[in-house]
Amino acid sequence: MATGIQTGMRTGSGPLATGRGPLGKPPGGGGGLGKFGAMWSGLNPKVRVLIICAIGLLIAGGVVFGMVSSANQPVELYATKLGTDDVKDVSIKLQEWNIPHTVSVTQDNVMISPHLKVTAQARLASHGLPRHAIMTAANAPQSSGMNMMTEREKDDQRKRILEGELTESMRQMVGVADAYVRLGLSQKSIFSDNQEGAKAAVMLKMKPGSQLNRDQITGIVNLVAYSVPDLKPESVKIVDTNGRDLTAGLPISDAVGMAPTGQLEYKSNLEKELRNKVEQQLATVLGSQRFAAQVTAEVDFS
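Structure follows, in structure tokens:
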């Protein structure tokens, strides 16, 4: 019997229409990217051009800013490491000249702006900075490391230490900006007549407006000669950075620490003393005023 009532139920296996596209996505698909694409497509062409230009300018500005920032990053003032004293002296000079800088974390260099680097190096060089590195007893390898050296290597290191100590002493002299000492130690030989004596060469860099006088040059000669075995004062040569031989006009008598007049006076007094002794001896045998005595002394002042 027909009741006129419909159940509204489907007996088929197909899905119910939901008003959505495949897999339940809204028409147009793509999620947020799809929405952006739809929005971009809906923009006025002129607006799209302006947006692209703005993005390009932002990228270009970022690149330029990065390059400028990188160019202004502090760099090392010198390619090689500096000694502690050099770092200190360089920093003091830069502070005097109001040049911004910092000491590196490793304490062996100075950090400075790239565009100030060349100017700072030139000004420091005119003041003898930095000095060349030297080896002294303070920074020489420990004795444990010397155990691995040959005798020749040990001798070379001792020579370098002696050169460094002499250099350090000269750097303390008034007017001296830097010094460099090279020693040629005497070579041992089984033939004593062929043994080569020690020699020394000293190069001095003077501070602007400074000049060594004769007494200072003599003092340096004596300092070097008395510090090196078998080194005679006349074998010490001192030159400056202009190539002038500062010892060329220095008499040998000055180099041994005694002026010519002092040598003559010493020789005269010695001859007089010896003559008096001879006259006293002859007077007891021949009688007084029955003889004449003359003494000539040869004195080696070397």
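Numbering (numbering that gives the first Met the number 0), first residue to last: 0 to 301.
All C-beta atoms in this analysis are idealised placements derived from N, C-alpha and C, irrespective of residue type, glycine included.
Keep in mind it's a predicted model, so treat the numbers as computed, not measured.
How should Met-148 be labelled, buried or exposed, when 16 other C-beta atoms within 10 angstroms of its C-beta is the threshold for buried? exposed
Output the distance between the C-alpha atoms of Trp-96 and Ser-90, rounded to the nearest integer angstrom. 10 Å
Consult DSSP for Asp-88 and reduce its assignment to one of helix, strand or coil. helix
For the stretch 93 to 181, which segments carrying the alpha helix (DSSP H) assignment without a break, of at least 4 residues, lie completely within its bounds, in sequence order? 113 to 125, 142 to 145 and 150 to 170
Determine the extent of the alpha helix (DSSP H) in which Ala-224 is found, giving its start and end residues. 213 to 226
Using a Cβ distance threshold of 8 Å, determine whether the stretch 171 to 180 contacts the stretch 198 to 209, with at least three qualifying pairs required. yes
Mind checking Glu-272: buried by the 16 CB within 10 Å criterion, or exposed? exposed
Roughly how many angstroms separate the alpha carbons of Ser-191 and Arg-213, rounded to a whole number? Summary for Ser-191: the model assigns pLDDT 49, below 50, so the residue's position carries little reliability, and this model does not support an answer.
Distance, Lys-34 Cα to Ser-40 Cα: 10 Å
Let me check one thing: in DSSP terms, what residues is Ala-239 bridge-paired to? The residue you asked about is not Ala; residue 239 is Asp in the sequence shown. Partner(s): Leu-203.
Under the three-state reduction of DSSP, which class applies to Gly-196: helix, strand or coil? coil
Secondary structure of Thr-283, DSSP reduced to three states: helix
Find out if the Cβ-Cβ distance for the pair Ser-112, Pro-99 is shorter than 8 Å. yes
So what does DSSP say about Gly-65, is it helix, strand or coil? helix
Quickly, what does DSSP pair Asp-244 with across the bridge? List them, please. Val-238
DSSP beta-bridge partners of Val-74: Ile-111
Under 7 Å Cβ to Cβ from Asp-312, same chain only, skipping five residues before and after it: list those, please. Past the boundaries of the shown model lies residue 312; the chain is included only from 0 to 301, so the question cannot be answered.
Identity of the residue in Met-66, Leu-76 and Gln-106 nearest Thr-83 by Cα: Gln-106
Nearest neighbour of Met-110, chosen from Val-86, Arg-122, His-126 and Val-238 [CA to CA]: Val-86
Please report the Cβ distance between Val-238 and Ala-199, rounded to the nearest whole angstrom; I am assuming they are in contact, meaning their Cβ atoms lie under 8 Å. Actually they are not in contact, since the Cβ atoms of Val-238 and Ala-199 sit about 12 Å apart, beyond 8 Å.
Tell me whether the beta-carbon of Val-235 lies closer than 8 Å to the beta-carbon of Ala-224. yes
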